[in-house]
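Take a look at the structure set out below.
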Amino acid sequence: MARLVVVGGDAAGLSAASQARRRRPEEDLEIVAFERSLYASYSACGEPYFVGGYIKSLDDLIARTPEEHTKRGVDVRTRREITAIDLENQTVAVHDLDGSGSSHVGFDLLMVATGARPADGGIEGMELDGIYSLRVLEDAERLRRAVGTGQVRRAVVVGAGYIGLEMAEVLQGLGVAVTVVTSAWVMEKTLDPDMGELIAEKMRSMGIEVITDTKVEHMEGRNGRVARVGCERLELPADLVVVGLGTRPDVELAEAAGIPLGPTGAIAVDDRQRTGVDGVWSGGDCAEARHRVSGRPVNIHLGTIANKQGRVAGIDIGGGEMRFPGVLGTAITKVNDLEIARTGLTERQAADAGLDATSATAEGTTTAGYWPDAAEMKIKVVVERGSGRLLGAQVVGGPGAGKRVDVFATALWNGMEASDLAWTDLAYAPPFSGVWDLIHIAARAGAEAAAG
0 MARLVVVGGD AAGLSAASQA RRRRPEEDLE IVAFERSLYA SYSACGEPYF VGGYIKSLDD
60 LIARTPEEHT KRGVDVRTRR EITAIDLENQ TVAVHDLDGS GSSHVGFDLL MVATGARPAD
120 GGIEGMELDG IYSLRVLEDA ERLRRAVGTG QVRRAVVVGA GYIGLEMAEV LQGLGVAVTV
180 VTSAWVMEKT LDPDMGELIA EKMRSMGIEV ITDTKVEHME GRNGRVARVG CERLELPADL
240 VVVGLGTRPD VELAEAAGIP LGPTGAIAVD DRQRTGVDGV WSGGDCAEAR HRVSGRPVNI
300 HLGTIANKQG RVAGIDIGGG EMRFPGVLGT AITKVNDLEI ARTGLTERQA ADAGLDATSA
360 TAEGTTTAGY WPDAAEMKIK VVVERGSGRL LGAQVVGGPG AGKRVDVFAT ALWNGMEASD
420 LAWTDLAYAP PFSGVWDLIH IAARAGAEAA AG
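Quick note on numbering that gives the first Met the number 0: the sequence shown kicks off at 0 and runs consecutively.
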């Protein structure tokens with residue numbers, strides 16, 4: 000009987016384990032998954048909303064407990080940290096975080112799903128109490144307890160990505176005065192500056208202070224607890240700090256073991272999620288993927304991608320045939336009632352990929368303009384000059400705006416030109432859109448811009 004060891008017990012790792020189990024019975028393949036957190040198979044995306052009280056119980060974020068996995072033939076061992084991978088001897092070093100020592104476990108097959116670590120931006124003083132980041136459910140528990148003391152009046156959120164925006168909203172909803180500081184513009188890794196400014200305006204209208212183009216340099220403490228956030232040009236008092244500077248692939252174990260990394264710094268994989276080492280697969284935040292628009296390797300940290308890559312790896316491990324078709328980086332979030340979504344490449348990303356790109360924007364409403372609940376919406380499309388090929392889209396607007404990005408994602412997935420999308424037969428009724436949806440109008444503007 001062979002043994003599959005899975006390093007990391009969340010989306011990619013346990014998706015792989017589940018698919019492998021479906022195809023290979025327990026008498027043929029033993030599956031053991033190690034997770035350093037107390038929890039496995041959980042929704043990290045729900046953590047900010049648990050902190051804010053929208054989600055009452057942490058149990059609601061857990062898709063499947065270790066006991067449930069065991070019943071399905073996957074031995075999930077939490078609070079176990081893999082400290083080394085020995086490819087030559089096919090063993091992993093396992094450290095019991097609850098104090099029962101260390102051991103070595105052999106493997107025949109290996110799935111590396113170590114995820115990502117929060118970036119700290121090289122900021123001094125990050126060891127002070129009162130500074131939080133969100134990675135595992137325990138982080139969300141600690142942050143919710145801290146906010147629940149009633150002693151947090153002022154909070155600084157460092158970074159204006161998904162976590163930064165979501166935490167700013169929930170903290171303000173809990174009665175905390177919030178300042179968001181970002182070194183560039185809001186959502187600078189996923190949106191262009193003009194679209195990011197729409198979000199900043201919304202946040203300021205809500206009473207959230209937004210400071211752009213400002214780098215946080217250090218944290219200052221009092222009696223071991225954070226008290227001030229030091230920036231380039233100013234200092235901000237803080238009872239609590241949330242750091243949301245993005246994440247980096249957690250590849251230290253893989254790199255030390257000799258598993259090849261790709262140009263993004265994440266683990267290089269083929270379209271069956273196989274690494275450069277026989278018998279070793281990888282997926283999720285620690286692994287690369289191919290971008291369907293640029294054709295280049297990318298490392299995008301989204302649960303949607305992790306689940307899909309894990310599924311492909313597990314099917315391959317189980318002897319099936321499945322290939323991962325690539326990614327677009329489609330994502331959505333919100334700030335209060337402002338919906339924010341994106342897919343494909345931004346203008347900057349298109350330029351970095353060597354594409355001759357231009358863009359166009361369209362402004363309108365989420366419904367027919369005369370409908371009582373009509374909300375403002377803006378769509379930006381990025382297109383390739385000459386060919387008119389769609390390269391990306393960004394959507395910012397009121398309720399009903401965000402999921403329009405899925406139309407653009409479908410068009411991008413299939414390599415459509417903007418002019419094709421401009422005539423696509425989309426549903427219409429006054430409560431849902433104008434007779435020409437803003438998708439049509441933005442696509443038409445993009446086609447005209449591409450034609451020059």
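Where a beta carbon is used, it is the ideal one built from N, C-alpha and C, also for glycine.
Where residue i falls: helix, strand or coil (DSSP)
| i | result |
| --- | --- |
| M376 | strand |
| T303 | helix |
| G143 | The residue asked about is misnamed: residue 143 is Arg in this sequence, not Gly. Correct three-state label for R143: helix. |
| E87 | coil |
| D95 | strand |
| I438 | helix |
| E29 | strand |
| V311 | helix |
| V292 | coil |
| T409 | helix |
| I54 | coil |
| G163 | helix |
| V169 | helix |
| D128 | strand |
| E383 | strand |
| A1 | strand |
| E454 | This structure gives no information on residue 454, because the portion of the chain shown stretches from 0 to 451. |
First through last residue of the beta strand (DSSP E) which encompasses residue i
| i | result |
| --- | --- |
| Q393 | 389-396 |
| P236 | 234-236 |
| K402 | Here K402 belongs to no beta strand (DSSP E), and DSSP marks it neither H nor E. |
| E200 | Element bounds for E200: not the beta strand (DSSP E) but the alpha helix (DSSP H), 192-204. |
| A359 | 356-364 |
| D74 | 74-77 |
| E208 | 208-210 |
| L109 | 108-111 |
| A115 | 115-117 |
| L252 | Taken as a continuous stretch (DSSP letters only), L252 belongs to no beta strand (DSSP E), being part of the alpha helix (DSSP H) at 251-256. |
| A154 | 153-157 |
Selection from the options that minimises the alpha carbon distance to residue i
| i | options | result |
| --- | --- | --- |
| E126 | R79, G51, D85, V242 | V242 |
| W412 | G294, G353, N298, D315 | G294 |
| E80 | V395, V4, R224 | V4 |
| V6 | E66, R232, A83, C44 | A83 |
| I207 | V177, N88, E200 | V177 |
| G98 | R35, V279, V111 | R35 |
| F431 | L389, A444, G363 | G363 |
| A400 | I378, A408, L420, R247 | I378 |
| A1 | R78, L109, G302 | L109 |
| Q272 | V228, A183, E320 | E320 |
| A361 | Q308, A428, R388, E447 | E447 |
| L133 | T365, T246, E168 | T246 |
| W184 | V169, L170, E200 | E200 |
| A473 | L190, V209, A408, T113 | Nothing about residue 473 can be read from this structure; the chain reaches only from 0 to 451. |
| D85 | A253, M194, V135, G317 | A253 |
| W422 | V215, K333, L437, R341 | L437 |
| G195 | Q18, Q348, A340, K402 | A340 |
| L244 | Y369, H68, I130 | I130 |
Span separating the alpha-carbon of residue i from that of residue j
| i | j | result |
| --- | --- | --- |
| E46 | G451 | 45 angstroms |
| R63 | T181 | 36 angstroms |
| A442 | L197 | 20 angstroms |
| E39 | P65 | Per the sequence shown, the amino acid found at residue 39 is Ala instead of Glu. Roughly 7 angstroms separates the two Cα atoms. |
| K188 | G174 | 29 angstroms |
| N306 | S14 | 6 angstroms |
| T345 | G325 | 17 angstroms |
| R221 | R143 | 22 angstroms |
| D277 | R78 | 28 angstroms |
| A330 | L337 | 14 angstroms |
| E26 | V111 | 23 angstroms |
| K55 | P117 | 25 angstroms |
| D405 | G172 | 29 angstroms |
| S101 | V179 | 42 angstroms |
| M186 | G160 | 5 angstroms |
| P296 | G12 | 21 angstroms |
Enclosing alpha helix (DSSP H) for residue i [first to last residue]
| i | result |
| --- | --- |
| P47 | 46-50 |
| S102 | From DSSP, S102 is part of no alpha helix (DSSP H) but of the beta strand (DSSP E) over 100-105. |
| P456 | Here the chain comprises residues numbered 0 to 451, so residue 456 is not present and cannot be evaluated. |
| G343 | Run containing G343: none in the alpha helix (DSSP H); it sits in the beta strand (DSSP E), 337-343. |
| R21 | 10-22 |
| G7 | Careful: G7 lies outside any alpha helix (DSSP H) and carries neither H nor E. |
| L420 | 417-420 |
| R322 | From DSSP, R322 is part of no alpha helix (DSSP H); its letter is neither H nor E. |
Next item on the list: Please determine if the segment 130-139 and the segment 48-58 are in contact, where contact requires at least 3 C-beta pairs separated by less than 8 angstroms.
Entry: Touching, yes, given that three or more Cβ pairs across the two stretches are closer than 8 angstroms.
Margin query: Does the structure place the segment 365-374 close enough to the segment 309-321 that three or more beta carbon pairs sit under 8 angstroms?
Written below: Because the criterion of three Cβ pairs below 8 angstroms is not met, the segment 309-321 and the segment 365-374 do not touch.
Next item on the list: Mind the definition here: the segment 377-385 touches the segment 353-363 only if three or more C-beta pairs lie below 8 angstroms; say whether that holds.
Entry: With the rule of 3 Cβ pairs closer than 8 angstroms, the segment 377-385 counts as touching the segment 353-363.
Check: Taking three-plus beta-carbon pairs below 8 angstroms as touching, is the segment 219-235 in contact with the segment 251-258?
Finding: The answer is no - the segment 251-258 does not touch the segment 219-235, with fewer than three Cβ pairs under 8 angstroms.
Check: Looking at C-beta atoms only, is the number of pairs between the segment 66-80 and the segment 105-123 that lie closer than 8 angstroms three or more?
Finding: In short, these stretches do not touch, since the Cβ pair count stays below three.
Notebook entry, point to check: Would the segment 322-339 and the segment 272-289 be scored as touching if the rule is three or more Cβ pairs under 8 angstroms?
Noted result: Counting C-beta pairs with one atom in each stretch, the segment 322-339 and the segment 272-289 have three or more that are closer than 8 angstroms, which means they touch.
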